[in-house]
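Per numbering that gives the first Met the number 0, the very first residue in the sequence shown carries number 0; after that it's consecutive.
Here a beta-carbon is modelled for each residue, glycine too, at the ideal position from N, C-alpha and C.
Quantities reported herein were computed from a predicted structural model and do not represent experimental measurements.
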Amino acid sequence: MQPKPAPAYFHRPFIFYRNILFTMNALIVYSGGLDSSTLLHQYKDDIRLAVSFHYGSKHNDREISYARQNCEELGIRHIVINLGFMNEYFRSDLLQSGGDIPEGHYEADNMRKTIVPFRNGIMLSIAVGLAESNDLDAVLIGNHFGDHAIYPDCRRSFIDAFTAAAKAGTEVGIQILSPYCDISKREIALIGQELGIDYNKTYSCYKGGEKHCGKCGTCVERKEALEGFDPTEYEA
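Following this line, the structure appears as structure tokens:
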């Protein structure tokens, strides 16, 4: 005997997140990269607004062009907010004002040069204000477990602390949701494969070239994540 389908009320807009069932009208912090694009497609029925931040990274322009394209295809409102002060005043080789992008795996110590100080904290602060201003109740962000080694503002401890601050600092108690925080980029890519996402419409390379360089930390990680179904054309 086949099991009965779940009742209609069990499907979206109700979702489970960390064993909590709730409705969601969400804003997504959307770069146009592999992780956030998977998140965009997975929760497209719950997302009302996508925001990309141009903070002066070497790859911002290419990422944001894909972010705009994906949002248009899904019919999701997309805005871009300029955070040029970060490029002017912050120190990071990820920024246009910084040095050359290091090559190698994320586990290599030289990849710490790509840290942009408190980037997610700044972006999430703006995203929370935008969410409340647009009568939304949640902010989605696509950080994942592989980021934890070098990026402090991608770790579960940071996300939990920021969630508490967002709840306390907003009238409606905005939720910060990070569904990929405890899984790998490979697991994210497998979710995307199941959803049928075209990863040619995403961009990852920190160098910002026409083709992915294939050598920087995020390119190496992208190759590992998409192994067996990688449509990306790499220079190396």
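{"Asked": "C-alpha distance - Ser-96 paired with Cys-218, whole-angstrom precision", "Found": "21 angstroms"}
{"Asked": "Length of the line joining the Cα atoms of Thr-37 and His-58", "Found": "19 angstroms"}
{"Asked": "Proximity to Tyr-54 [Cα-Cα], best of Leu-33, Ile-46 and Met-122", "Found": "Met-122"}
{"Asked": "Buried versus exposed call for Arg-61 [16 or more other C-beta atoms within 10 Å across all chains shown]", "Found": "buried"}
{"Asked": "Endpoints, alpha helix (DSSP H) assigned at Gln-95", "Found": "That residue, Gln-95, is in no alpha helix (DSSP H); it is neither H nor E in DSSP."}
{"Asked": "Contact belief for His-77 with Ala-49 at Cβ below 8 angstroms, rounded distance in angstroms", "Found": "5 angstroms"}
{"Asked": "Local conformation of Glu-62 per DSSP, three classes", "Found": "helix"}
{"Asked": "Contact the region 187-194 vs the region 146-157: 3+ CB pairs below 8 angstroms", "Found": "no"}
{"Asked": "Contact under 9 angstroms by Cβ, Asn-81 with Phe-117", "Found": "no"}
{"Asked": "Gly-103, buried or exposed, once every other Cβ within 10 Å from all chains shown has been counted against 16", "Found": "exposed"}
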